[in-house]
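Colleague: Sharing a structure below in structure tokens format, with a few things to ask.
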Amino acid sequence: MSVFKFTGVVIAAGFSLNAVAAEFSFDRPGAGMGTGITPVGQLAWEQSIPAASYNETVTDGEKQKTVTLNGDMLFRTGLAKDLELQLGWQGPGWIKTKRAGKSVEEDGLGDVSIGIKKAIDLKDDKLSMAVLAEAIIATGNDGFTNEDDIYSLTSAVSYDYSDLVTTSITMRYEAQNSDWAVTAVPTIEYAITDKLSGFSEFVYRKAESQDYEYALGSGVVYALNERTQLDASIGVGLNGNDRDYQAGLGFSYLF
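Residue numbers (our numbering): 102 to 356.
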């Protein structure tokens with residue numbers, strides 16, 4: 102599993118829409134998790150258009166190149182002031198693999214997910230925290246599924262260093278078919294203009310019986326208006342001799 106795609110859906114520390122709700126933020130792009138909660142009675146739609154990845158590796162002495170596209174999505178709705186329901190889908194996907202001069206293309210549908218996210222009151226104006234309990238259900242087609250269900254618990258703590266800079270740390274613990282994995286994502290967000298912000302993150306992941314995985318990611322977020330956000334992001338894997346790149350475009354809207 103790619104270090105960038107450890108949740109099955111794209112989640113992140115998003116750009117706050119303070120005019121809509123003081124503690125609301127979208128959860129894309131990136132690999133970290135935001136601490137904001139969707140207001141009660143409202144629905145947040147977060148859509149990838151699309152996410153793309155490129156991997157180049159050597160298998161049995163032959164160079165193999167793989168290009169992947171998928172249109173994952175996440176829906177969030179507030180159940181209470183500090184509680185929200187999340188429904189996700191990895192969406193339609195397309196994979197092209199080229200090896201020894203031969204290309205194979207596949208397409209299919211990905212897994213679905215359901216989660217409950219709760220904000221934790223730390224009694225500090227600059228500190229915020231949230232936890233997410235999530236299940237990713239392996240309902241996707243062959244080649245586009247995690248094969249076994251994944252159950253996870255994610256926590257995120259965010260600190261408003263100043264009006265321009267916010268730092269956060271996301272920790273994710275997951276279990277799949279009795280195997281465990283842990284992921285840590287420290288992130289820094291910075292305001293560029295009133296509507297434009299950026300973020301940079303480092304991703305560390307260790308799965309049972311697997312090598313350590315590392316990656317760097319960065320992106321920008323543009324608040325088109327009080328309810329609409331556009332985003333773009335890029336990332337690079339830092340594992341061994343493989344070439345591993347990730348890029349994505351997306352939009353988010355609060356109904």
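Beta carbons are placed, not taken as given, at the ideal position from N, Cα and C, and that holds for glycine. In this text, all values refer to a predicted model and were calculated from it rather than measured experimentally.
#1: Could you give the first and the last residue of the continuous beta strand (DSSP E) run that contains ARG306?
#2: Please return the same chain residues whose Cβ sits closer than 7 Å to the Cβ of GLY142, not counting the five positions on each side in sequence.
#3: I'd like the span of the beta strand (DSSP E) that includes MET174, first residue to last.
#4: What separation, rounded to the nearest whole angstrom, lies between the Cα atoms of LYS197 and ASP243?
#5: Quick one, which of LYS199, LYS182, ALA152, ASP345 has its alpha-carbon nearest LYS164's?
#6: For THR240, collect the residues of the same chain with a Cβ closer than 6 Å to its Cβ; drop the 5 residues on either side in sequence, then sort them by chain order.
#7: Output the residue ranges of the beta strand (DSSP E) runs that lie fully inside the stretch 137-221 and measure 3 residues or longer, sorted by chain position.
#8: Quick check on this structure: which residue in TYR155, PRO130, LEU186 has the alpha carbon closest to the alpha carbon of LEU144?
#9: Candidates SER263, VAL304, LEU331: which alpha carbon is nearest TYR354's?
#10: Going by alpha carbons, who is nearest to LEU210 out of LEU297, THR167, MET174?
Modeller: In brief:
#1: From DSSP, the beta strand (DSSP E) with ARG306 extends over 297-308.
#2: If the five residues before and after GLY142 are omitted, its C-beta is found closer than 7 Å to the C-beta atoms of GLY179, all from its own chain and listed in chain order.
#3: Element bounds for MET174: 174-181.
#4: LYS197 and ASP243 have their C-alpha atoms spaced approximately 14 Å apart.
#5: Answer by Cα proximity: LYS199.
#6: Excluding sequence neighbours, THR240 sits near ASP212, VAL213.
#7: Every beta strand (DSSP E) stretch that sits fully inside the stretch 137-221 and reaches 3 residues is listed by chain position as 144-160, 163-171, 174-181, 184-190, 193-200, 203-210, 213-221.
#8: Ranking the options by Cα distance to LEU144, first place goes to LEU186.
#9: Answer by Cα proximity: LEU331.
#10: When each option's Cα is compared against that of LEU210, the closest is MET174.
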